[in-house]
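What follows is the structure in structure tokens.
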């Protein structure tokens, strides 16, 4: 605990900066190693430099991974080469130390705010007043962002607004967890401060720094998350005042600020809708040229290019993106993996089958569905996003050749489903084209420098639609217009009622966890709102967040779910040498046709812990707090309480709730 709060201020200005270079005049100052705290954070450039150090907490492309496009691995949308132990009850255990009970980034934000705000209010910060306001707003944003991460993983969490002395008693007292609803209120308050202070556009002019719309979008995300969490976990230990809530003895007499749980939920939905509309009404959608003519190339399509451009500043829909620079060695390998098997992160059968036909009908209700014997068949007559982003063999991956593109794959190969190396292997047979850039110069080994989207405005459209329906049980004109705009851009019949009327929940539930909340089917309208979100945000890192807040895994407690990929045991088996398709042995390379016609990546050898399918336990909706944190803060008298179902002892699995 002391190590997390230790009074240490980092003043390093790294050369390989995160988003964009700081002001040139800052480089003319005395070495930072010689600066004391009292000499720092007095002018605009120093505030800018401090704030830029916080950007490392945001999701962007890592050097040797599929970057942000791979975050949705280990959900019902995408599957990596190896399975996740959280779907094998008993394998996820309480850690000895570390984990999510961490305050380092929060501490950095608190130091800045308690140092700068008094100087700012006294008019002592030099530089452009607008820029000073903006950089302060960035820190409010980042503190909110850090707290939102803790709410998602731990729920209740201490609210700490100041730096604390390195004293056991003070730090222990500050460790008391606040009810999650209070933490969310605190987050939204910080975001309101950020919204008031941030400029409409970032000071760099290239959308490489946070702006007002980013804070509004995050506010809509946070409020929607908590509103749906409270709704679907109502009357459980995962909600304050619910039966068995472990915080009851630590927060006696707790009352929701809105007066009731139902009032709190409605207030949060309103907050989400208001913030989402502020973004959606300002930022239009990037055009999807040619999507209705599915025989055309996707080259020079703005919607396709938006996810893999070197410079994303020209896309109105992109609110924040990370710039990379090949000349400075600030690079990644996403373009290389986008031309192969996505670093072993493949789409699931469920994800692919979720996309409707271009006329709006689900595949089981359509007469023009071509089936899935071949990947080329799967793409025909479908939602334009599937046609655009699902790969098939023999597609062109390189239009612009380059001698430095040593790891380019000019023509899409047959999916290598028997290779367990993520560098070359295809986990499910289905792979995506999001992130693919046609310039071979991006395919030097580890030398790609395409941008990475952090926030885009379409999420605000989707947030509003969902919050509106969840709150009112119907869609207002604004929500309807947003939904039609998204479907129009996707090349799908904009009459979403056609899809709703032809939806059969029992069939959708076979391949989509989002068909459920608390183990029960949701209604077809809400399901199709979730479907739209699933398809539009495919491979953008939000699926796990959505599944948790919807309480969408309860049905896995009693019935296993089998992750599947493409239809191997049909005509596509002829793509492979039969001797390589071994099954039914401890060294099998693929799953047996006796299990399914579809490739099951985690059911090959019989030795997999999830060979009989993915299962779930309620405790896994929240992460455990590591054992050391209880010991440090007093053991049995610690003010910290463990999350539902988890023990305070290390290396223990959760119990049933």
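Residue numbers (our numbering): 721 to 1377. We treat Cβ as the ideally placed atom computed from N, Cα and C, and that holds for glycine. Being a predicted model, the structure only gives us computed values, none of them experimental.
Secondary structure of residue 809, DSSP reduced to three states: coil
Any idea which residues DSSP pairs residue 1067 with across the strands? Checking the DSSP bridge columns, you'll see residue 1067 partnered with 798, 1150.
Own chain partners of residue 896 with C-beta closer than 8 Å, once the 5 adjacent residues on each side are dropped: 878, 970, 1359, 1360
From the DSSP secondary-structure annotation, give me the bridge partner or partners of residue 1040. 1175
Would you call the segment 933–944 and the segment 1046–1061 in contact, with 3 or more CB pairs under 8 Å? As far as the Cβ criterion goes, the segment 933–944 does not touch the segment 1046–1061, which means the pair count is below three.
Find the nearest neighbour of residue 1283 within the set 1071, 1133, 1089, 1111, judged by alpha-carbon distance. 1071
Quick check on residue 872: does DSSP put it in helix, strand or coil? helix
Going by other Cβ atoms of all chains shown within 10 Å of its Cβ, with 16 needed for buried, is residue 1243 buried or exposed? exposed
Who are the near neighbours of residue 1006 in its chain, counting only those whose CB is closer than 6 Å to its CB and skipping five residues on each side? 1022, 1023, 1026, 1035, 1037
Along the chain, where does the alpha helix (DSSP H) containing residue 933 start, and where does it finish? 932–952
What is the residue span of the alpha helix (DSSP H) that residue 1139 lies within? Residue 1139 -> no alpha helix (DSSP H), and no H or E assigned at all.
Within 10 angstroms of the Cβ of residue 931, are there 16 or more other Cβ atoms? Answer buried if so, exposed if not. buried
To the nearest angstrom, report how far apart residue 780 and residue 789 are at their CA atoms. 9 Å
Give me the DSSP bridge partner(s) of residue 1050. DSSP output for residue 1050 lists 1045 as bridge partner(s).
To the nearest angstrom, how far is the alpha carbon of residue 872 from that of residue 1342? 7 Å
Using a threshold of 8 Å, state whether the C-beta atoms of residue 921 and residue 900 are closer than that. no
Is residue 1199 helix, strand or coil by DSSP? helix
Count the other CB atoms, across all protein chains shown, that sit within 10 Å of the CB of residue 1298; report buried if there are 16 or more and exposed otherwise. exposed
Could you name the residues of the same chain whose beta carbon sits closer than 8 Å to that of residue 750, not counting the 5 residues immediately before and after it, in chain order? Because residue 750 carries a pLDDT of 39, less than 50, the predicted location of this residue cannot be relied on, and the following value inherits that uncertainty. Closer than 8 Å at Cβ, skipping near neighbours: no residue.
Simplified DSSP assignment, three categories, for residue 1273: Residue 1273: coil per DSSP, three-state reduction.
What does residue 1237 pair with, by DSSP beta-bridge criteria? 1240
Please report the distance separating the alpha-carbon of residue 1271 from that of residue 880. 29 Å
Where does residue 1379 sit, in a helix, a strand or coil, going by DSSP? The displayed coordinates of the chain run from 721 to 1377. Any statement about residue 1379 would go beyond what the structure contains.
Outcome for residue 1311 when other beta-carbon atoms lying within 10 angstroms are tallied against a minimum of 16: buried
So who's on the other strand from residue 999, going by DSSP bridges? DSSP lists no partner for residue 999.
Three or more beta-carbon pairs under 8 Å between the segment 1129–1145 and the segment 1167–1185, yes or no? no
Under 8 Å by Cβ, that's how I've got residue 1068 and residue 1292 pegged, so tell me the actual separation to the nearest angstrom. So it is not a contact: roughly 16 Å between Cβ atoms.
May I ask you to list the residues that DSSP assigns as paired with residue 1334? 1281
With respect to the alpha helix (DSSP H) encompassing residue 1348, which residues constitute its N-terminal and C-terminal limits? 1347–1352
Helix, strand or coil at residue 1166 [DSSP, three-state]: coil
Can you have a look at residue 1192 and say buried or exposed, based on whether 16 or more other CB atoms are within 10 angstroms of its CB? exposed
What is the DSSP secondary structure of residue 1032, reduced to helix, strand or coil? coil
Tell me, please, which residues DSSP counts as bridged to residue 1216. In DSSP, residue 1216 forms no bridge with anything.
Helix, strand or coil, according to DSSP, for residue 901 in the structure here? Helix.
Is residue 1116 helix, strand or coil by DSSP? strand
Length of the line joining the Cα atoms of residue 1328 and residue 1134: 26 Å
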